[in-house]
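J.: Please find one structure pasted underneath; my questions will follow.
Number of protein chains: 2
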Amino acid sequence: MRPDPRCGSVARVQANDINPGPCSLGIDLGGTHARAAVVDASGRLLSTSKGTLTDRSPEAVVEAISHAVQAALEAVPSVDVVHCGVGVAAQLEPGSGRVLVAPNLGWREVPFGALLAAKLKQKVRVVNDLTAAAWGEHRAGAGKGVEDVYVLFVGSGVGSAIIAGGKLLHGATGVAGELGHIKVVRDGRLCGCGEHGCLEAYVGGHNLIAQMKEAVKEAGSRGLLMELAEGDLEKLNPAILEQAALGEDPLARRIYDQACRFLGMAAANQVTVLNPARLILGGGVLSHCPGMVKQVKESVFALASQVSRKHVEVCEAALGDDSGLIGAALLATEQPG
Amino acid sequence: MRPDPRCGSVARVQANDINPGPCSLGIDLGGTHARAAVVDASGRLLSTSKGTLTDRSPEAVVEAISHAVQAALEAVPSVDVVHCGVGVAAQLEPGSGRVLVAPNLGWREVPFGALLAAKLKQKVRVVNDLTAAAWGEHRAGAGKGVEDVYVLFVGSGVGSAIIAGGKLLHGATGVAGELGHIKVVRDGRLCGCGEHGCLEAYVGGHNLIAQMKEAVKEAGSRGLLMELAEGDLEKLNPAILEQAALGEDPLARRIYDQACRFLGMAAANQVTVLNPARLILGGGVLSHCPGMVKQVKESVFALASQVSRKHVEVCEAALGDDSGLIGAALLATEQPG
Numbered sequence: 001m002r003p004d005p006r007c008g009s010v011a012r013v014q015a016n017d018i019n020p021g022p023c024s025l026g027i028d029l030g031g032t033h034a035r036a037a038v039v040d041a042s043g044r045l046l047s048t049s050k051g052t053l054t055d056r057s058p059e060a061v062v063e064a065i066s067h068a069v070q071a072a073l074e075a076v077p078s079v080d081v082v083h084c085g086v087g088v089a090a091q092l093e094p095g096s097g098r099v100l101v102a103p104n105l106g107w108r109e110v111p112f113g114a115l116l117a118a119k120l121k122q123k124v125r126v127v128n129d130l131t132a133a134a135w136g137e138h139r140a141g142a143g144k145g146v147e148d149v150y151v152l153f154v155g156s157g158v159g160s161a162i163i164a165g166g167k168l169l170h171g172a173t174g175v176a177g178e179l180g181h182i183k184v185v186r187d188g189r190l191c192g193c194g195e196h197g198c199l200e201a202y203v204g205g206h207n208l209i210a211q212m213k214e215a216v217k218e219a220g221s222r223g224l225l226m227e228l229a230e231g232d233l234e235k236l237n238p239a240i241l242e243q244a245a246l247g248e249d250p251l252a253r254r255i256y257d258q259a260c261r262f263l264g265m266a267a268a269n270q271v272t273v274l275n276p277a278r279l280i281l282g283g284g285v286l287s288h289c290p291g292m293v294k295q296v297k298e299s300v301f302a303l304a305s306q307v308s309r310k311h312v313e314v315c316e317a318a319l320g321d322d323s324g325l326i327g328a329a330l331l332a333t334e335q336p337g
Numbered sequence: 338m339r340p341d342p343r344c345g346s347v348a349r350v351q352a353n354d355i356n357p358g359p360c361s362l363g364i365d366l367g368g369t370h371a372r373a374a375v376v377d378a379s380g381r382l383l384s385t386s387k388g389t390l391t392d393r394s395p396e397a398v399v400e401a402i403s404h405a406v407q408a409a410l411e412a413v414p415s416v417d418v419v420h421c422g423v424g425v426a427a428q429l430e431p432g433s434g435r436v437l438v439a440p441n442l443g444w445r446e447v448p449f450g451a452l453l454a455a456k457l458k459q460k461v462r463v464v465n466d467l468t469a470a471a472w473g474e475h476r477a478g479a480g481k482g483v484e485d486v487y488v489l490f491v492g493s494g495v496g497s498a499i500i501a502g503g504k505l506l507h508g509a510t511g512v513a514g515e516l517g518h519i520k521v522v523r524d525g526r527l528c529g530c531g532e533h534g535c536l537e538a539y540v541g542g543h544n545l546i547a548q549m550k551e552a553v554k555e556a557g558s559r560g561l562l563m564e565l566a567e568g569d570l571e572k573l574n575p576a577i578l579e580q581a582a583l584g585e586d587p588l589a590r591r592i593y594d595q596a597c598r599f600l601g602m603a604a605a606n607q608v609t610v611l612n613p614a615r616l617i618l619g620g621g622v623l624s625h626c627p628g629m630v631k632q633v634k635e636s637v638f639a640l641a642s643q644v645s646r647k648h649v650e651v652c653e654a655a656l657g658d659d660s661g662l663i664g665a666a667l668l669a670t671e672q673p674g
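So the sequences go chain by chain: A and B. The numbering used here numbers the first residue of the first sequence as 1 and each following residue consecutively. The numbering used here numbers the first residue of the second sequence as 338 and each following residue consecutively.
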């Protein structure tokens with residue numbers, strides 16, 4: 001029987017198509033851009049908008065975000081937006097929305113959440129950008145469907161997030177997951193945090209590039225690394241490192257193998273301790289270095305404890321740059337506080 | 338004014354003294370003994386009882402536990418016992434009470450929870466012994482009053498438990514916390530688990546003793562180690578190792594310093610990743626080696642990330658051998674499942 005177009009159920013389906021239910025605003029604040037999106041409850045992006053930051057003062061940044069938000073909202077005028085979450089690359093005071101330090105923005109002690117809430121006339125939840133991205137992957141990306149997830153991001157820095165029993169593990173002061181600053185070498189290489197021997201000092205994108213530059217300068221500008229960078233030190237990047245290492249360039253090999261070894265063991269050890277159902281690998285460095293992803297996977301299956309590795313799936317992040325937008329929006333709705 | 342002995346409030350206080358409210362049974366099953374206790378809701382031991390295991394067949398062990406339970410119950414006849422929890426040194430099937438492997442008891446695939454429940458005519462919650470001990474410390478010992486605790490035990494083996502937001506982190510298959518089997522040396526020393534380079538292979542009590550024996554045999558039976566052991570290899574133990582190392586015996590120094598270095602870095606790195614309010618150090622090796630505890634504390638404050646170490650307290654376990662009894666009883670009441 002053909003359904004009566006006037007009957008309740010068909011009308012509801014049509015209404016659902018037009019109106020996706022209560023949605024949230026997600027905002028991703030980087031060092032150069034602010035993005036905003038309207039996201040539905042399943043993590044689908046309904047509209048997105050992006051603004052460039054020309055002035056990094058808190059007031060100007062809040063203004064730029066507000067424009068991006070307006071544009072994202074205007075694209076889906078009929079949608080009901082309930083919550084608002086914003087991810088920012090910063091150390092935050094737990095719960096208050098206050099930025100303690102945001103190096104990319106040059107901020108210290110900025111009441112960012114309060115400023116943005118006043119501007120948007122809406123309650124705003126401020127979270128760390130990596131937490132937002134990990135939550136996005138968990139709810140709408142590579143971590144969908146499981147409750148115990150460990151998300152490891154290698155970009156310019158190295159960070160991780162622990163999701164246990166479907167909840168984010170925050171730690172006592174909200175800084176759990178700082179895998180980049182575990183020590184892998186006692187009195188080792190100087191890290192951006194001021195300490196020595198951190199994982200990030202060997203594996204983070206900035207540090208991979210710094211190590212390449214140091215090695216090239218020491219050895220003179222010969223070899224595959226500089227060939228691939230067309231003779232320009234400033235063109236060196238992690239993808240070139242991987243290419244040169246796989247091409248058996250000895251300088252590249254040393255830096256690359258060391259990075260893979262430290263990262264692989266750190267990932268395996270966290271799988272041993274946390275016993276996740278899924279390990280998700282993401283971030284700019286890993287998305288450009290498939291060989292490194294392969295080595296980390298192999299390390300997990302070689303080095304994690306037998307009982308933990310037997311049940312873990314290792315996958316790559318699925319949402320790319322959208323994970324932070326989606327995660328900030330969903331976190332604001334799903335895990336307030 | 339002297340209180341009227343007939344007035345309600347005094348009567349209630351007296352009643353509370355006699356009847357401490359709903360209590361639980363806690364059972365701690367080791368390889369040689371079974372202990373049972375009646376525990377009140379605050380983790381206070383009201384009675385304890387201990388039985389020796391002469392026969393390790395599941396039926397005989399259940400019988401011995403039953404006797405210990407009867408004795409503990411008979412000592413406090415007026416008490417209302419509601420739940421029953423048992424901690425056992427075993428790998429368990431999550432949720433079912435089934436022991437997969439218990440090396441100390443020589444068990445494989447034993448439906449222990451079901452056997453014990455039938456015998457006691459009561460529902461029984463079976464948990465790993467270390468989980469029980471950690472929960473005891475969290476609720477009634479050194480972890481009281483905080484929600485985010487990391488408990489690290491070094492005894493014959495090395496294990497840990499993560500308590501986050503007041504809840505135990507179980508992991509996807511119930512084996513989270515296996516710090517003893519993180520890798521600290523690639524292709525390193527053989528561990529009891531069959532893998533190479535585990536933390537436990539360098540730091541666990543059995544392995545400290547094995548390393549001392551190997552070193553003494555290699556070097557001939559001279560030196561402080563054998564002097565402290567009165568010439569008897571079988572008397573070597575972790576306390577002697579520490580004493581000899583602090584006395585600058587070179588054999589002892591090498592083994593001891595390596596153990597402290599690996600353990601200190603592992604503890605620091607878990608503090609970095611988990612951001613606990615409190616790190617609790619316990620277990621037979623650490624309780625006999627105050628120098629090792631001191632070195633682990635120093636490592637945490639030297640090597641954990643700045644943001645994590647700033648807020649962590651490092652303390653020693655407070656309940657000794659009772660932590661498992663207390664924790665098993667409280668877990669059965671407080672975190673069923």
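We put the beta carbon where it would ideally sit given N, CA and C, even for glycine.
Could you give the C-beta distance for B/R372 and B/L442, rounded to a whole number, given that I count them as a contact under 8 angstroms?
T.: The pair is not a contact, with the Cβ atoms about 15 angstroms apart (cut-off 8 angstroms).
J.: Do you know offhand how far B/N696's Cα is from B/S415's?
T.: Beyond the ends of chain B as shown, which are 338 and 674, falls residue 696 of chain B; an answer cannot be given.
J.: Counting only beta-carbon atoms, is A/H181 nearer than 8 angstroms to chain B?
T.: Yes, because at least one Cβ of chain B sits closer than 8 angstroms to the Cβ of A/H181.
J.: Pick helix, strand or coil for B/T609, following the three-state DSSP scheme.
T.: Correct three-state label for B/T609: helix.
J.: Closest by CA to A/L116, which one among A/K294, A/A229, A/D28?
T.: Of A/K294, A/A229, A/D28, the residue nearest in Cα terms is A/D28.
J.: Do A/N269 and B/A513 have their beta-carbon atoms positioned less than 8 angstroms apart in this structure?
T.: No. Outside cutoff.
J.: How is the beta strand (DSSP E) around B/H420 delimited, first residue to last?
T.: Counting along the chain, the beta strand (DSSP E) containing B/H420 begins and ends at 418 to 425.
J.: Residues in the segment 594 to 605 of chain B with C-beta within 9 angstroms of chain A's C-beta atoms, listed in sequence order?
T.: From the segment 594 to 605 of chain B, only R598, M602, A603, A605 have a Cβ closer than 9 angstroms to chain A.
J.: Distance check for A/K294 and A/R139, CA to CA, integer angstroms please.
T.: Taking the straight line from one Cα to the other gives about 24 angstroms.
J.: Does DSSP put B/Q712 in a helix, in a strand, or in coil?
T.: Look at the range of chain B in this structure, 338 to 674, and you will see that residue 712 of chain B is not part of it.
J.: Within a Cβ cutoff of 7 angstroms, which residues of the same chain sit near A/A332, ignoring the five residues on either side of it in sequence?
T.: S24, H83, C84, G85, R125, listed in sequence order.
J.: If you draw a straight line from the alpha carbon of B/G620 to that of B/S433, how long is it in whole angstroms?
T.: B/G620 and B/S433: Cα-Cα distance of roughly 27 angstroms.
J.: What residues from the segment 562 to 596 of chain B come within 9 angstroms of chain A, judged by C-beta to C-beta, listed N to C?
T.: Against chain A - using a Cβ distance shorter than 9 angstroms - the segment 562 to 596 of chain B contributes no residues.
J.: Check the Cβ-Cβ distances between B/D485 and every residue of chain A, and say whether any is below 8 angstroms.
T.: With 8 angstroms as the cut-off, B/D485 counts as an interface residue toward chain A.
J.: Using a Cβ-Cβ cut-off of 6 angstroms (strictly less than) and excluding sequence neighbours within five positions of A/C191, which residues of its own chain qualify?
T.: Closer than 6 angstroms at Cβ, skipping near neighbours: C198, E200, A201.
J.: Applying a beta-carbon distance threshold of less than 9 angstroms, which residues of chain B neighbour A/N275?
T.: Ordered by position in chain B, the residues that pass the 9 angstroms Cβ test against A/N275 are L506, H507, G508, A509, T510, G511, V512, A513, G514, E515.
J.: With a threshold of 6 angstroms on Cβ separation, who are the neighbours of A/A64 within its own chain once the five nearest residues in sequence on each side are excluded?
T.: Same-chain partners within the cutoff: A34, G51, L53.
J.: Could you say which of A/H181, A/G155, A/V151, A/I182 lies nearest to A/L168 if we only look at CA atoms?
T.: Taking only the C-alpha atoms, the option nearest A/L168 is A/V151.
J.: For B/V649 and B/A582, what's the separation of their Cα atoms in angstroms?
T.: Distance between the alpha carbons of B/V649 and B/A582 is about 29 angstroms.
J.: How is the alpha helix (DSSP H) around B/H518 delimited, first residue to last?
T.: Per DSSP, B/H518 belongs to no alpha helix (DSSP H) and is neither H nor E.
J.: Compute the beta-carbon to beta-carbon distance between A/S308 and A/V285, rounded to the nearest angstrom, for a pair I have assumed lies under 8 angstroms.
T.: Rounded, the Cβ-Cβ distance is 25 angstroms, inconsistent with contact.
J.: Tell me, please, whether the CB atom of A/T164 is closer than 8 angstroms to any CB atom in chain B?
T.: A small correction: the amino acid at residue 164 of chain A is Ala; Thr does not occupy that position in the sequence shown. It does: the Cβ of A/A164 has a partner Cβ on chain B nearer than 8 angstroms.
J.: Once the 5 residues before and after B/A409 are set aside, which same chain residues still bring their CB inside 8 angstroms of it?
T.: The answer, listed in chain order, is L362, A373, A374, V375, S384, T385, S386.
J.: Per DSSP, which residues does A/G125 bridge with? Please list them.
T.: Looking at the sequence shown, residue 125 of chain A is not Gly but Arg. For A/R125, which the question treats as bridged, DSSP gives the partners A/G85.
J.: Shorter than 8 angstroms from the beta carbon of A/L303 to some beta carbon of chain B?
T.: With 8 angstroms as the cut-off, A/L303 counts as an interface residue toward chain B.
J.: Under 7 angstroms, CB to CB, which of the residues in the segment 301 to 334 of chain A have a partner in chain B?
T.: From the segment 301 to 334 of chain A, only L303, S305, Q306, V307, S308, H311 have a Cβ closer than 7 angstroms to chain B.
J.: By the DSSP assignment, the alpha helix (DSSP H) with A/R309 in it spans what residues?
T.: Residues 306 to 309.
J.: Could you tell me which of B/P395, B/G657, B/G480 sits nearest to B/G492, measuring between CA atoms?
T.: Considering only alpha carbons, the answer is B/G657.
J.: Suppose you measure from the CA of A/I162 to the CA of B/E571; what does that come to, to the nearest Å?
T.: About 44 angstroms.
J.: If the cut is a Cβ gap below 8 angstroms, which residues of chain B does A/Q270 touch?
T.: In chain order: V610.
J.: Give the DSSP-derived three-state secondary structure of A/R139 in the structure shown.
T.: The answer is helix: DSSP assigns A/R139 an H, G or I state.
J.: In the structure shown, what three-state DSSP assignment does A/N16 receive?
T.: Reliability fails at A/N16, whose pLDDT of 44 lies under 50, so the model's placement of it is uncertain and the value that follows must be treated cautiously. The answer is helix: DSSP assigns A/N16 an H, G or I state.
J.: Just curious, the alpha helix (DSSP H) that B/S636 is in, first and last residue?
T.: From DSSP, the alpha helix (DSSP H) with B/S636 extends over 627 to 640.
J.: Step through the CB atoms of chain B and report whether any lies within less than 8 angstroms of the CB of A/Q295.
T.: With 8 angstroms as the cut-off, A/Q295 does not count as an interface residue toward chain B.
J.: Quick one: what does DSSP say B/Q428 is sitting in, helix, strand or coil?
T.: Three-state DSSP puts B/Q428 in a strand.
J.: Classify A/L330: buried if its beta carbon has 16 or more other beta carbons within 10 angstroms, exposed otherwise.
T.: Flag for A/L330 reads buried.
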